[in-house]
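Numbering (our numbering), first residue to last: 8 to 263. Every residue gets a Cβ at the ideal spot worked out from N, C-alpha and C, and that includes glycine. Heads up: the structure comes next, in structure tokens.
Structure follows, in structure tokens:
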């Protein structure tokens, strides 16, 4: 069977990835990071008050850094601008600052979300300083590296550094189950089920990264539908994750 010609594959290719479709739009959908988002914690307080300060979010891939930045900006009624340290440069930054200054005169804040901020060199990071100091920009930087070593001290001193943790197995399970049940954004309308063995394997192999879990789940769904199967089995997840069966020891110590 031609996998790429199957209806499921065409549908998947024509729509955003499952991980993007299932991205939480509010704290009620967000999973994990209870140490920052629980009652009385810092970020939950920012969301409730709508008052946001500059932050550095330090955590592993798939822990929710980008999603949190969007939720915080929305709660503050701010415009959120995504700026990649890998693909964007000074020219783009100047344009963003010009627009932020105009918005500031209208009483509206701008959140500059800088993905992979550790990829900026020290001279490039200096460009943010005056605008963070003046309040033209609320900076939210995301990093998978220790900001103490990768972010310049003057900028670091003007931001609160928050450590995000990899999602727990229980958290990943919630993300998977929600995607399976959601008929609008997830896989609920497909009627596909996920075997217990496949679910356990997916949780284990995702290693706390919800993006990995959802991307693999969507690939497994495409594979299952291409075969006419109604249940995503372990074999589908092994293929989706490109993991050998020997890496999954259901009865062993590595099994969740």
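Margin query: Quick check on DSSP: helix, strand or coil for residue 117?
Written below: Note: residue 117 maps to strand in three-state DSSP.
Next item on the list: Could you tell me how far apart the beta carbons of residue 169 and residue 25 are, in whole angstroms, since I believe they sit closer than 8 angstroms?
Entry: Between residue 169 and residue 25 a beta carbon distance of about 27 angstroms is seen, past the 8 angstroms cut, so the two are scored as non-contacting.
Check: Beta carbon of residue 237, beta carbon of residue 200: below 8 angstroms?
Finding: Yes, these two residues count as a Cβ contact at 8 angstroms.
Notebook entry, point to check: Roughly how many angstroms lie between the CA atoms of residue 217 and residue 182, to the nearest whole one?
Noted result: Those two C-alpha atoms are separated by around 7 angstroms.
Margin query: Assuming residue 163 is part of the beta strand (DSSP E), what are its boundary residues?
Written below: Run containing residue 163: none in the beta strand (DSSP E); it sits in the alpha helix (DSSP H), 160-163.
Next item on the list: Would you identify the three-state DSSP class for residue 131, choosing helix, strand or coil?
Entry: DSSP places residue 131 in helix when its eight states are reduced to three.
Notebook entry, point to check: Using DSSP with H/G/I as helix, E/B as strand and the rest coil, what is residue 74?
Noted result: If DSSP states are grouped into helix, strand and coil, residue 74 belongs with the helices.
Note to self: What residue range does the alpha helix (DSSP H) around residue 180 cover?
What the structure shows: Segment 176-188, the alpha helix (DSSP H) holding residue 180.
Check: Should residue 211 be labelled buried (16 or more other beta-carbon atoms within 10 Å of its own) or exposed?
Finding: With 16 or more other Cβ atoms within 10 Å, it is buried.
Margin query: Between which two residues does the beta strand (DSSP E) holding residue 148 run?
Written below: Following the DSSP letters along the chain, one finds residue 148 inside the beta strand (DSSP E) bounded by residues 145-150.
Checklist line | Contact check, residue 163 vs residue 135, beta carbons under 8 angstroms | finding: Contact flag unset, no.
Checklist line | Segment contact, 8 angstroms Cβ cut-off, at least three pairs: the region 42-54 with the region 188-196 | finding: The region 42-54 vs the region 188-196: no contact.
Note to self: Cutting at 6 angstroms between CB atoms, please list the residues of its own chain near residue 248, excluding the five before and the five after it.
What the structure shows: Cβ contact annotation for residue 248 (same chain, cutoff 6 angstroms, sequence separation greater than five): 212 and 223, in chain order.
Checklist line | Sequence-distant residues of the same chain with beta carbon closer than 8 angstroms to residue 173, five excluded per side | finding: Taken in chain order, the residues that qualify are 66, 67, 69, 70, 214, 215 and 216.
Next item on the list: Within the same chain, show all residues whose beta-carbon is closer than 7 angstroms to that of residue 23, passing over the 5 residues directly before and after it, in chain order.
Entry: Answer for residue 23: no residue qualifies.
Notebook entry, point to check: When burial is assigned at 16 or more other CB atoms within 10 Å of the CB, is residue 27 buried or exposed?
Noted result: Around the beta-carbon of residue 27, fewer than 16 other beta-carbon atoms lie within 10 Å, marking it exposed.
Check: Is residue 86 near residue 110, with beta carbons less than 8 angstroms apart?
Finding: It is a contact, given that the beta carbons lie within the stated cut-off.
Checklist line | residue 75 to residue 141 span [Cα, whole Å] | finding: Using only the alpha carbons, I get a separation of about 24 angstroms.
Next item on the list: Compute the Euclidean distance between the alpha carbons of residue 96 and residue 209, then round it to the nearest angstrom.
Entry: Residue 96 and residue 209: Cα-Cα distance of roughly 37 angstroms.
Notebook entry, point to check: Looking only at its own chain, which residues have a Cβ that is under 7 angstroms from the Cβ of residue 43, when we skip the five neighbours before and after it?
Noted result: In chain order, 49, 50 and 169 place their CB closer than 7 angstroms to the CB of residue 43, counting only its own chain and leaving out the 5 sequence neighbours on each side.
Check: Between which two residues does the alpha helix (DSSP H) carrying residue 91 extend?
Finding: Here residue 91 belongs to no alpha helix (DSSP H); instead the beta strand (DSSP E) covers 86-91.
Check: Once you ignore the five residues that flank residue 59 on each side, which residues in its own chain have a CB closer than 6 angstroms to its CB?
Finding: 53, 79, 83 and 145, listed in sequence order.
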